[in-house]
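Student: Below is a structure I'd like to ask you about.
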Amino acid sequence: MNKLIQLKNLTKNFDDQQVLRGINLDIYENEFLTLLGPSGCGKTTTLRIIAGFEEPSGGEVLFDGIEISKLPPYKREVNTVFQKYALFPHLNVAENIAFGLNLKKVEKSVIDQKVGKMLKMVGLEGFEKRDVTLLSGGQQQRVAIARALVNEPKVLLLDEPLGALDAKIRKQMQIELKKIQQEVGITFIYVTHDQEEALSMSDTVVVMNNGEIQQIGSPTDIYNEPENRFVAGFIGESNIIEGIMIHDYLVEFDGFQFECVDKGFEDNEEIEVVLRPEDLDIVEPQDAKITGVVKNITFKGVHYEILVETENRIYKVQTTDYAEAGREVGLKFGPEDIHVMYRMGAY
Ligand SMILES: Nc1ncnc2c1ncn2[C@@H]1O[C@H](COP(=O)(O)OP(=O)(O)OP(=O)(O)O)[C@@H](O)[C@H]1O
Ligand SMILES: [Mg+2]
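Taking our numbering, I'd label the letters of the sequence shown as residues 32 to 378.
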């Protein structure tokens, strides 16, 4: 696949605050890429630099191999959909979608045909003449997406486009957006701070914190092989434990050594281990190295969440098996359930 956008050592300062600290990222044709991270980490700033609304303080933005940092937004083959849809209230649905094409003086019959195609794609056939101010939030956002896509950009930037919608519509729109992206076959750069949304929609997830990229990977990579404590903690629920990598494939934590599938660390390097709650099983104490007492059990609908207090810490376990509070249990997991990460400063 072709690299469409390359960010090279991108930095951004606002006054004396550095909000981007050297972003390096390749974005490919046809890719659904998501910037994921907590509030204030620099997601919107990164998007605005790609769109041309903001100039970087340092570094480069390449589009198809050409540096575009100084190119004004309207000359970029990029369109943006914001969280607040910013539709024109005095124009109806069709006129909103046609807005950009009218500016470009595209022929009326062509406009009608393109607008019709877009309405069909976003599931708003027959809504041409409707007043946009009377549409539901989800419908307004569909119009905003159609209005951006009708210009046939090579890249669509979406900044928390579903943020204002309630949970049920949001889920439905996630599926539809993914479908639309596959149908039009263009690159989507999506911004969210919702990890579930990022994991379910993206080809590639970029986890950011404090102006820096923490990890780039597929949703399964990010979930199963977090590179550090920040990613492990931000994505899903985790037991994060400090330990030592004795040598390749052997790790020590909580006073025991365990076989694992990780390699490439220094011998005796201080590391951190992540154990996902759903990867832990409750067994009889004699069948496990780590043992403890059930402190609490909560029914979560699909599984129980069980807190097991051991000598060193409290482990969180998610399982369909029941274990009553006060019972002594063992915690069982396999080599592939242990994910070894580089140790880093505290967050
Ligand atoms: N125009 C500006 N002037 C000064 N500071 C700004 C400006 N725009 C953003 N910032 C600051 O830059 C940092 C990153 O902001 P940004 O909007 O990129 O975060 P974000 O990851 O999109 O957060 P959120 O999830 O809350 O939207 C924040 O500390 C913010 O206050
Ligand atoms: Mg933002």
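Every residue gets a Cβ at the ideal spot worked out from N, C-alpha and C, and that includes glycine.
(1) What are the boundary residues of the beta strand (DSSP E) that includes G90?
(2) So if I measure from each beta-carbon to every heavy atom of ligand 2 and keep distances below 7 Å, which residues remain?
(3) Under 8 Å from any heavy atom of ligand 1, does the C-beta of M239 make it?
(4) Give the straight-line distance between the Cα atoms of F130 and F113, rounded to the nearest whole angstrom.
(5) Whole beta strand (DSSP E) runs in the region 270-325 with 3 or more residues, listed along the chain?
(6) Could you tell me the boundaries of the alpha helix (DSSP H) in which N255 lies?
(7) With burial defined as no fewer than 16 other Cβ atoms inside 10 Å of the residue's Cβ, what is the status of E86: buried or exposed?
(8) Run through the DSSP bridge pairs and tell me what N240 is partnered with.
(9) At which residues does the beta strand (DSSP E) containing V109 begin and terminate?
(10) Return the CA-CA distance between P308 and P257, expressed in angstroms with no decimal places.
(11) Reducing DSSP to helix, strand and coil, say where L118 ends up.
(12) Are there 16 or more other CB atoms within 10 angstroms of the CB of S70, so buried, or fewer, so exposed?
(13) A175: buried (16+ other C-beta within 10 angstroms of its C-beta) or exposed?
(14) Taking 8 Å as the cut-off, does the CB of T42 come closer than this to any heavy atom belonging to ligand 1?
(15) Does the count of Cβ pairs from the region 233-241 and the region 66-82 closer than 8 Å reach three?
(16) What are the uninterrupted segments assigned as beta strand (DSSP E) that are 3 or more residues long and contained completely in the region 40-73, given in chain order?
(17) Quick one, which of E336, F296 and D47 has its alpha-carbon nearest H278's?
(18) Which ranges does the beta strand (DSSP E) cover as unbroken runs of at least 3 residues, wholly within the region 192-229, from first to last along the chain?
(19) Check whether the Cβ of T77 sits closer than 8 Å to any heavy atom of ligand 1, and report yes or no.
(20) Tell me where the beta strand (DSSP E) around L187 begins and ends.
(21) Please name the residue in D368, F330, M375 and E342 whose C-alpha comes closest to that of A354.
(22) Run through DSSP, which three-state label would E138 get?
(23) Should Q171 be labelled buried (16 or more other beta-carbon atoms within 10 Å of its own) or exposed?
(24) Thinking C-alpha only, which one of E126, I247, L208 and Y59 is nearest G386?
(25) Taking only the alpha-carbon atoms, compute the straight-line gap between E336 and L189 and give it to the nearest angstrom.
(26) Which partner residues of V348 appear in the DSSP bridge assignment?
(27) N182 by DSSP, collapsed to three states: which one?
(28) Can you tell me the Cβ-Cβ gap for E222 and S269, rounded? I've got them flagged as a contact below 8 Å.
(29) When burial is assigned at 16 or more other CB atoms within 10 Å of the CB, is I206 buried or exposed?
(30) Going along the chain, which residues of its own chain have a beta-carbon closer than 6 Å to the beta-carbon of L196, five neighbours each way excluded?
(31) Going by DSSP, which residues form a beta bridge with G361?
Tutor: So, from the listed chains and residues:
(1) For the purposes of this step, residue 90 is taken as the residue at position 59 of the sequence shown. Taken as a continuous stretch (DSSP letters only), the beta strand (DSSP E) holding G90 covers G89 to F94.
(2) K74, T75, D190, E191 and V222
(3) Against the sequence shown, residue 239 aligns to sequence position 208. Yes, the beta carbon of M239 sits closer than 8 Å to at least one heavy atom of ligand 1.
(4) To locate residue 130, count along the sequence shown from 1; it is residue 99. To locate residue 113, count along the sequence shown from 1; it is residue 82. Cα to Cα, the separation comes out at about 16 Å.
(5) 270-278, 281-284, 287-290, 300-306 and 312-314
(6) Locating residue 255 in the sequence shown gives position 224, where the first residue counts as 1. Note, N255: alpha helix (DSSP H), P250 to N255.
(7) Numbered from its first residue, the sequence shown carries residue 86 at position 55. Exposed, by the Cβ-count rule.
(8) The residue given as residue 240 occupies position 209 in the sequence shown. E243.
(9) Taking the sequence shown and counting its residues from 1, the one referred to as residue 109 is at position 78. Per DSSP, V109 belongs to the beta strand (DSSP E) from V109 to V112.
(10) To locate residue 308, count along the sequence shown from 1; it is residue 277. To locate residue 257, count along the sequence shown from 1; it is residue 226. Cα-Cα distance, rounded: 15 Å.
(11) The residue labelled residue 118 in the question sits at position 87 within the sequence shown. L118: coil per DSSP, three-state reduction.
(12) Position 39 of the sequence shown, counted from the first residue, corresponds to residue 70. Exposed: under 16 other Cβ atoms inside 10 Å.
(13) Numbered from 1 along the sequence shown, position 144 holds the residue referred to as residue 175. Classification of A175: buried, given that the 10 Å Cβ count is 16 or more.
(14) Taking the first residue of the sequence shown as position 1, residue 42 is located at position 11. No.
(15) yes
(16) 48-59 and 63-67
(17) Residue 278 sits at position 247 when you count from the first residue of the sequence shown. The candidate whose alpha carbon is nearest that of H278 is F296.
(18) 218-223
(19) Taking the first residue of the sequence shown as 1, we reach residue 77 at position 46. Yes, since a heavy atom of ligand 1 falls inside the 8 Å radius drawn around the Cβ of T77.
(20) By 1-based counting over the sequence shown, the position of residue 187 is 156. Per DSSP, L187 belongs to the beta strand (DSSP E) from V186 to D190.
(21) As a working mapping, residue 354 is identified with position 323 in the sequence shown. For A354, the nearest C-alpha among the options comes from F330.
(22) By 1-based counting over the sequence shown, the position of residue 138 is 107. Residue state, collapsed to three classes: coil.
(23) Position 140 of the sequence shown, counted from the start, is the residue given in the question as residue 171. With 16 or more Cβ atoms within 10 Å of its Cβ, Q171 is classed as buried.
(24) Since the first and last residues shown for the chain are 32 and 378, residue 386 lies out of range.
(25) For the purposes of this step, residue 336 is identified with residue 305 of the sequence shown, where counting begins at 1. For the purposes of this step, residue 189 is identified with residue 158 of the sequence shown, where counting begins at 1. Answer to the nearest angstrom: the Cα atoms are 35 Å apart.
(26) Working through the sequence shown from its first residue, we reach residue 348 at position 317. Note: V348 sits in a beta bridge opposite I337.
(27) Numbered from its first residue, the sequence shown carries residue 182 at position 151. Coil.
(28) The sequence position of residue 222 within the sequence shown is 191, counting from 1. The sequence position of residue 269 within the sequence shown is 238, counting from 1. The amino acid occupying residue 222 in the given sequence is Val; Glu does not appear at that position. Not confirmed; about 24 Å, so no contact.
(29) In the sequence shown, counting from the first residue as 1, residue 206 sits at position 175. Answer is exposed; the Cβ neighbour count stays below 16.
(30) By 1-based counting over the sequence shown, the position of residue 196 is 165. For L196, where only same-chain residues beyond five positions count, the Cβ hits under 6 Å are G168 and G169.
(31) The count along the sequence shown starts at 1 and reaches residue 361 at position 330. Answer by DSSP bridge pairing, in chain order: V314 and T322.
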